[in-house]
Structures are given as C-alpha cells and as structure tokens.
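Just so we're aligned, residue 28 is where the sequence shown starts under the working numbering, counting upward by one. Yeah, the Cβ is synthetic: ideal placement off N, Cα and C, and Gly gets one too.
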Amino acid sequence: MPVKRCCYGCCKTDSRYPERMVGVFFIPFPKPKTQMEKCLIWIKACGRPHSQFSVSRITKDTYICSKVSKLYLSLIQID
C-alpha cells in the first residue's frame, strides 16, 4: 500500500504513522484531466508557491487530509 501524504501547505500528515492518524482520512485531489477548474481551485487553496505545487505535480497519489477540514468543507461545496 502506498504512503499517503497531505499536500496542504505545511501539513505533515502521513499514513506511515497509524497511531497519529486516529480519525484522520485522506481525500484524493481532483484530477486535472477530468476536473481542471476544481483542481486549480484546490491548488490555490493549498497555499503553496507555484514553484512547489502546480497542475503538473498532481498525480493519482495526491491527497489532502481531513485535518485541514476548513479547506475540505469549502472545497467540497464547489461542484
């Protein structure tokens, strides 16, 4: 099973440490090929510089964690 890491800002949530993950889940990032507009909104909301995080860095293994729930709740309402 691949390791899941949160790509939000400075969040360091990582699935390698299940004891730290109680109640935390990972939400897959929208894929650029099928949901480009939503993907761009999520990238901007993550607050990382474009040089560190852009559309070209989104893969099937890109996630945010539920710890960043304010971001998650605002993003899931954009459909």
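Out of Lys31, Ser42, Ile68, the CA that lies nearest to the CA of Ser81 is found in Ile68. In the DSSP assignment, Ile91 falls outside any alpha helix (DSSP H) and lies within the beta strand (DSSP E) extending over 90-92. Under the criterion of beta carbons closer than 8 Å, Tyr35 and Ile91 qualify as touching, at roughly 5 Å.
In the structure shown, Pro45 adopts helical secondary structure according to DSSP, grouped into three states. Between the alpha carbons of Thr86 and Cys37 lies a distance of about 19 Å.
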